[in-house]
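J.: Here it is, the structure in full.
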Amino acid sequence: MVDVTVRGAGIFGLSVAWSCVKRGAKVQIIDPNGVAAGASGGIVGALAPHTPENWNVKKAFQFESLIMAQSYWDEVETISGLPSGYGRLGRLQPIADDRALQLAKARAEGAQTLWEGKANWRIIPAQEVGDWAPQSPTGFLIHDTLSGRIHPRQACAALAKALEAKGCTITAEGTDKGQTVWATGYEGLLKLSEKTGKPVGNGVKGQAILLDLDQREAPQLFADALHIIPHADGTTAIGSTSEREFDHPTKPDAQIDAVLDRAIAAFPVLRNAKVLKRWAGVRPRAKSRAPMLGKHPLLADAFIANGGFKIGFGMAPKAGEVMADLILDNRMVIPEAFLPDASL
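For what it's worth, my numbering labels the leading residue of the sequence shown as 376, then goes sequentially.
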């Protein structure tokens, strides 16, 4: 007997399946394209928190999920025997001017309370981190210890292997059995928009680039809307673009080369690194800009987990848990802002 069928083997589908399997449910995953075939097969993996100010439900949920991440991915790696690329090594950001410096100091005070002493947001001299420091006009940087990194494709492969070790099947085709969870990415949002006649969500293309640069013990960098992520395998990723309109969902083009130029200008240490790979994929963005979690708005005995957009991997540990609460125990602990109604 199958208790839960998950449609979609991206990070949200896999994380929901994992939480259900750990509670003893029999789960099958069906995805015609395979594990992490869409945006979840990317190369960037910035697990970056929202700023510690103007606290709300979304920020609190993400904070809890980021704190869960270490034990979550440790367990996945232990059971699967595969690396996820997870590491909570923090993040550095330049401070542009005196106004930004005062704002950063205010946020540092906010973090002392809002982050519950589990992570820090502090101001440091750029010279403290040497060559890895981003260009900073004030000579100061923000260093937070909540940000983490993950290798998206590796993490999904590890999670899939751990699920299979727990008896979960992952197939290209199959029949829905038990309760069904739709975690079908941006294409699922487009179909839902078509069926409801409302703009529920869409896809935003992102392009990224992978460099042969080993900074595996260094924190990630963020400036000029760019994420620089040193991976545990000795590569460094740069991302990404945000394209509402695009001709080909998975084909990189000249826009990613422009991103590389911007990254080198902000972080000269990248200048001589060899390009290993260019990647493109479409991320699911719900109308509410928050993850879409809960009962399916159109299908009885079905659920939806979608809209991770840029924060899907950071939200996944907690999202899987609250979805399992609803699916298996009929217990609703999903924030109202995340329910499908918020995008309908």
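Virtual Cβ for every residue (Gly too), placed ideally from N, Cα, C.
Using the Cα positions of A535 and A471, report the straight-line distance between them to the nearest angstrom.
T.: 42 Å
J.: List in chain order: all unbroken beta strand (DSSP E) runs of 3+ residues lying wholly within the segment 537 to 562.
T.: The qualifying runs are 544 to 546, 554 to 557.
J.: Quick check: what's the CA-CA separation for H671 versus W448?
T.: Cα atoms of H671 and W448: separation of roughly 28 Å, rounded to the nearest angstrom.
J.: Would you report the Cα separation of L645 and A501, rounded to the nearest angstrom?
T.: 17 Å
J.: Measuring alpha carbon to alpha carbon, tell me which of L673, M707, L668 ends up nearest A691.
T.: For A691, the nearest C-alpha among the options comes from L668.
J.: Look at P627 and A655 and say whether their C-beta atoms are less than 8 Å apart.
T.: yes
J.: For the pair the segment 520 to 532 and the segment 397 to 404, tell me if three or more CB-CB distances fall below 8 Å.
T.: no
J.: Report the three-state DSSP secondary structure of T380 (helix, strand or coil).
T.: Residue state, collapsed to three classes: strand.
J.: Do K580 and E618 have their CB atoms nearer than 8 Å?
T.: yes
J.: Per DSSP, K685 forms a beta bridge with which residues?
T.: Within the DSSP bridge table, the entry for K685 names no partner.
J.: Would E548 and P407 be called neighbours here (beta carbons separated by less than 8 Å)?
T.: yes
J.: In whole angstroms, what separates the C-alpha of N431 from that of A483?
T.: 17 Å
J.: Using C-beta distances below 7 Å, list every residue in its chain close to R591, excluding the 5 sequence neighbours before and after it, in chain order.
T.: Around R591: P605, H606, A607, G609.
J.: Output the distance between the C-alpha atoms of F688 and I386, rounded to the nearest integer angstrom.
T.: 7 Å
J.: Going by beta-carbon coordinates alone, are G682 and T559 separated by less than 8 Å?
T.: no
J.: Which residue from I498, G456, A435 puts its Cα closest to that of E491?
T.: A435
J.: I'd like to check one pair, Q595 with A486: are the Cβ atoms closer than 8 Å?
T.: no
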